[in-house]
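Visitor:
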DNA sequence: CCAGCGCAGTGACCAAAGTCGCTTCCTGCT
DNA sequence: AGCAGGAAGCGACTTTGGTCACTGCGCTGG
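Chains as they are written, first to last, in our numbering: chain A, 54 to 260; chain B, 54 to 260.
1. If the criterion is Cβ atoms closer than 8 Å, does the pair residue 164 (chain A) and residue 163 (chain B) meet it?
2. What's the gap between the Cα of residue 136 (chain B) and the Cα of residue 114 (chain A)?
3. Kindly identify the DSSP beta-bridge partner or partners of residue 222 (chain A).
4. Closest by CA to residue 119 (chain B), which one among B:160, B:206, B:76 and B:200?
5. How big is the Cα-Cα spacing for residue 236 (chain A) and residue 173 (chain A)?
6. Check this for me: beta carbons of residue 79 (chain B) and residue 127 (chain B), under 8 Å apart or not?
7. What beta strand (DSSP E) runs, 3 residues minimum, are completely inside the segment 63 to 126 of chain A?
8. Skipping 5 residues on each side, what residues in its chain have a beta carbon closer than 6 Å to that of residue 85 (chain A)?
9. Should residue 177 (chain A) be labelled buried (16 or more other beta-carbon atoms within 10 Å of its own) or exposed?
10. What's the call for residue 147 (chain B), buried or exposed, on a 16-neighbour Cβ count within 10 Å?
11. Please list the segments of the beta strand (DSSP E) lying wholly inside the segment 155 to 202 of chain B, counting only runs of 3 or more residues, in order along the chain.
12. By the DSSP assignment, the beta strand (DSSP E) with residue 238 (chain A) in it spans what residues?
13. Can you give me the C-alpha to C-alpha distance between residue 111 (chain A) and residue 171 (chain A), rounded to a whole angstrom?
14. Determine whether the Cβ of residue 150 (chain A) lies closer than 8 Å to any Cβ atom of chain B.
15. Should residue 179 (chain B) and residue 227 (chain B) be called a contact, given that it needs their Cβ atoms to be closer than 8 Å?
16. Name, going along the chain, the residues of the segment 160 to 176 of chain B whose beta-carbon falls closer than 9 Å to a beta-carbon of chain A.
17. Sort A:161, A:196, A:213 and A:124 by Cα distance to residue 186 (chain A) and report the nearest one.
18. Pair every Cβ in the segment 198 to 207 of chain A with every Cβ in the segment 241 to 250 of chain A, then say whether three or more of these pairs are closer than 8 Å.
19. Determine the direct distance from the alpha carbon of residue 92 (chain B) to that of residue 222 (chain B), and round the result to whole angstroms.
20. How is the beta strand (DSSP E) around residue 133 (chain B) delimited, first residue to last?
21. With DSSP as the reference, identify every bridge partner of residue 205 (chain B), one or two as the case may be.
22. Distance cutoff 8 Å, beta carbons only. Does residue 94 (chain B) sit that close to anything in chain A?
23. Is the Cβ-Cβ distance between residue 157 (chain A) and residue 167 (chain B) less than 8 Å?
24. Whole-angstrom Cβ separation of residue 160 (chain B) and residue 159 (chain A), contact assumed at under 8 Å?
25. Compute the Euclidean distance between the alpha carbons of residue 258 (chain A) and residue 189 (chain A), then round it to the nearest angstrom.
26. Does the Cβ of residue 209 (chain B) have 16 or more other Cβ atoms within 10 Å, making it buried, or fewer, making it exposed?
27. Determine, using beta carbons only, whether residue 248 (chain B) comes closer than 8 Å to chain A.
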């Protein structure tokens, strides 16, 4: 049994699971909590690669090719990790041929995700990326009210900037601008989307 | 045997193997030739995701998760493809558990590659990306001469721009600028790298 | 020979992105 | 109450990236 060979680890919010470049010796599975995978630049900027929650695995790749971690991972809240060593997992895969196939679909999703990030970085403006993030949030966490779709920003401007590959100020500015254009209402972290159509229109406008 | 179930296809230079969004029904392996994987934006810009040559496979992902192709692929020269249907390949994987593990390392390399592209797009300027491309070319194809390391650009400015996620003019301009700074000599597609140190220095300067 | 085409060079512009320096607000702590 | 630190607002500015419109070159197929 695989569980028998696994180790449980506990991380508190803000704690690093591992850093880019470190050698990797096993698979991490999130039992509870939330993890952010990201790259750091020399000048201190960050680019988020993915956010992962309970049930998902992190850093599948280095487990299989034996290379170092391609990115760093940090716990965003109290997080419990199940760790399985490379050797154990490899052996397990050979015994259960359907497992690596399953892993491949997980990795596939990850790959699609990365391609999506590349597409956004190389084809869209920050304004568009921010809008599409806001629409995603509105969809998943928004409540419909008389004024529009309301929700809270899930993180600081700095954090959002990291996800979009930019800096704090541009989040500020673009939110303002959208408010000035009457598409949003912003009050601290409280967002009210007033004109979904208008936002979608901006996305469609292939500038 | 797997080969028995495979189909050979021939593509001439410029021909599309498949397009982004199409459903995928099998694995493509390059027997001979060269293939470019890329994304296209609504406004017609392209972003190259990878270049693949003989022996490599293309579009492993959709084979496993059943989704559509995440990008388009085009043959850059006369190319011969061995095509294996999804069903056959899946069956083969279950019979030979070491195969999906092998595929995982291939996919891993691809993932690392994509992460590298994201890193470049989000942390570096076009100037830096161009320099690092030139250095790579100098390393792999350059001949040392009295004047420096000489080589030919492998493609048109337009094509290089696609790889770096930008437009033709910026390639032109940046090459000029590097020449004006005395780091390069450019004569049509002939490049002479005169100062490798200087180029590396620019890369290290975390602006 | 030359018309047409694809590629490259180039200047004038414009818009987006990023930087700096500061202010303001809020929150928690002493 | 007063202070320290983090988060956000904001204006002024610079740099980078991108667009447009054009020119010029060199090759190829009538």
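Built from N, CA and C at the ideal position, the CB exists for glycine as well. Note that the structure is predicted; figures quoted are calculated from it, not measured.
Guide: Working from what's here:
1. Judged by beta-carbon spacing, residue 163 (chain B) lies within the 8 Å limit of residue 164 (chain A), meaning their Cβ atoms are closer than that value.
2. 25 Å
3. Beta-bridge analysis with DSSP links residue 222 (chain A) to no other residue.
4. B:76
5. C-alpha separation (whole angstroms): 22 Å.
6. no
7. 69 to 71, 79 to 85, 87 to 93 and 99 to 106
8. In the same chain as residue 85 (chain A), and ignoring 5 residues on each side of it, the C-beta atoms closer than 6 Å to its own belong to 107 and 133, in chain order.
9. buried
10. exposed
11. 196 to 198
12. That run of the beta strand (DSSP E) goes 237 to 240.
13. C-alpha separation (whole angstroms): 20 Å.
14. Yes, residue 150 (chain A) lies at the interface with chain B (some Cβ there is under 8 Å from its Cβ).
15. yes
16. Correct list: 160, 161, 162, 163, 164, 165, 167, 168, 169, 170, 171, 172, 174, 175 and 176.
17. A:213
18. yes
19. 20 Å
20. In the DSSP assignment, residue 133 (chain B) falls within the unbroken beta strand (DSSP E) covering 132 to 138.
21. According to DSSP, which records beta bridges pairwise, residue 205 (chain B) is partnered with B:243.
22. Closer than 8 Å to some Cβ of chain A, the Cβ of residue 94 (chain B) qualifies, so yes.
23. no
24. Under the criterion of beta carbons closer than 8 Å, residue 160 (chain B) and residue 159 (chain A) do not qualify as touching, at roughly 11 Å.
25. 18 Å
26. So residue 209 (chain B) counts as exposed.
27. Closer than 8 Å: no.
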